[in-house]
Ligand code: G3P
Ligand code: MG
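Residue numbers (UniProt numbering): 1 to 238.
What follows is the structure, encoded as structure tokens:
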């Protein structure tokens, strides 16, 4: 079965990574949902891709990490998408966990670069544990040190190795890096047959990001990927 991830929720219908976007993905029966987490100044997990508000609210300057959760909850990130979403704020991970069914695979990406959130791995484990959500989950990150820390706390959770750059023989790196990787999440641009086959030899699923065109999707399926991240889930339906 091909596993398709709604990237940052249903981001064409609602502001990315917010509660409405995640709820839309759930309403569309997404089998898998991806979102990004960071920490507030008071160590609360919030769901956002960028390290600043600039794409969503020009008046809120500085870094996410320098805002407390109560300050963040006063910042509108919905109006820039549409007036229908005026007043929508960043969601906490907890708010998201309340609405994502246990049957939906949840991919939580730790957004740890360039800001490095000390202790985010422990905080994330605690939050998932409190919500009884240590199952049916993939923890991924471009920061492989964060994945190692996560693995040291909870060895059993599936880890997804994210790559942005095209590097030489990433499968050898994956094999030798000491992480127990269950999937690799490469940028789509260099996801080719060799990449897929080499990772399959390691027993890793291959989920490239971000695949938005039907032709690209079909081509990747033919090459043998196990799923994709997409901003456009309509391509899955065909
Ligand atoms: O996890 C897949 C994808 O989300 C990684 O890139 O920048 O969209 O978080 P980005
Ligand atoms: Mg992401």
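We put the CB at the ideal spot given by N, CA and C, even for glycine.
_Does residue 17 pass the burial test, meaning 16 or more other C-beta atoms within 10 Å, or should it be called exposed?_
Working through the chain shown from its first residue, we reach residue 17 at position 17. Buried is the call here.
*Between the Cα of residue 138 and those of 152, 110 and 200, spot the shortest distance and give me the residue it belongs to.*
As a first step, residue 138 is located in the chain shown; it is residue number 138 there, counting from the start. Checking every option, the nearest Cα to that of residue 138 belongs to 110.
*Exposure of residue 172, with buried meaning 16 or more beta-carbon neighbours within 10 Å*: Reading the chain shown from its first residue, position 172 is the one you call residue 172. Classification of residue 172: exposed, given that the 10 Å Cβ count is below 16.
*If residue 159 sits next to residue 181, beta carbons under 8 Å apart, how far is it from one beta carbon to the other, in whole angstroms?*
Looking up residue 159 in the chain shown gives position 159. Looking up residue 181 in the chain shown gives position 181. Between residue 159 and residue 181, the beta carbon gap of about 5 Å places them in contact (Cβ cut-off 8 Å).
*Would you tell me roughly how many angstroms separate the C-alpha atoms of residue 127 and residue 101, rounded to the nearest one?*
Position 127 of the chain shown, counted from the first residue, corresponds to residue 127. Position 101 of the chain shown, counted from the first residue, corresponds to residue 101. Near 16 Å, if we compare the C-alpha coordinates of residue 101 and residue 127.
*Which residues have a Cβ closer than 6 Å to any heavy atom of the ligand G3P, listed in chain order?*
Here the list is 7, 34, 36, 49, 109, 140, 162, 185, 209 and 229.
*Backbone CA spacing between residue 229 and residue 123 [nearest angstrom]*: The residue you call residue 229 lines up with position 229 of the chain shown. The residue you call residue 123 lines up with position 123 of the chain shown. CA-CA distance, residue 229 to residue 123, rounds to 26 Å.
*Output the distance between the C-alpha atoms of residue 62 and residue 53, rounded to the nearest integer angstrom.*
The count along the chain shown starts at 1 and reaches residue 62 at position 62. The count along the chain shown starts at 1 and reaches residue 53 at position 53. The straight-line gap separating the alpha-carbon atoms of residue 62 and residue 53 is approximately 8 Å.
*Given a threshold of 16 other Cβ atoms within 10 Å of its Cβ, counted over all protein chains shown, does residue 103 qualify as buried or as exposed?*
Numbered from 1 along the chain shown, position 103 holds the residue referred to as residue 103. Label assigned to residue 103: exposed.
*For residue 141, count neighbouring Cβ atoms within 10 angstroms of its own Cβ and tell me buried if that reaches 16, exposed if not.*
For the purposes of this step, residue 141 is taken as the residue at position 141 of the chain shown. Residue burial annotation: residue 141 is buried, with at least 16 other C-beta atoms found within 10 angstroms of its C-beta.
*So, are the CB atoms of residue 225 and residue 191 less than 8 Å apart?*
Taking the chain shown and counting its residues from 1, one reaches residue 225 at position 225. Taking the chain shown and counting its residues from 1, one reaches residue 191 at position 191. Yes. Within cutoff.
_Beta-carbon within less than 8 Å of residue 178's beta-carbon, same chain only, minus the 5 sequence neighbours each way: which residues are those?_
Mapped onto the chain shown, residue 178 falls at position 178. Within its own chain, the residues whose Cβ lies closer than 8 Å to the Cβ of residue 178, once the five positions on either side in sequence are excluded, are 148, listed in chain order.
_C-alpha distance - residue 56 paired with residue 91, whole-angstrom precision_ = Start at 1 with the first residue of the chain shown, and residue 56 comes out as number 56. Start at 1 with the first residue of the chain shown, and residue 91 comes out as number 91. Rounded to whole angstroms, residue 56 to residue 91 spans 14 Å at the Cα level.
*Quick one: what's got a C-beta closer than 8 Å to residue 66's C-beta in the same chain, skipping five residues either side?*
For the purposes of this step, residue 66 is identified with residue 66 of the chain shown, where counting begins at 1. Listed in chain order, the non-local C-beta contacts of residue 66 below 8 Å within the same chain comprise 41, local neighbours out to five positions each way being set aside.
*Quick one: Cα of residue 193 to Cα of residue 202, how far?*
Residue mapping note: residue 193 aligns to position 193 of the chain shown, counting from 1. Residue mapping note: residue 202 aligns to position 202 of the chain shown, counting from 1. Taking C-alpha positions only, residue 193 is separated from residue 202 by approximately 14 Å.
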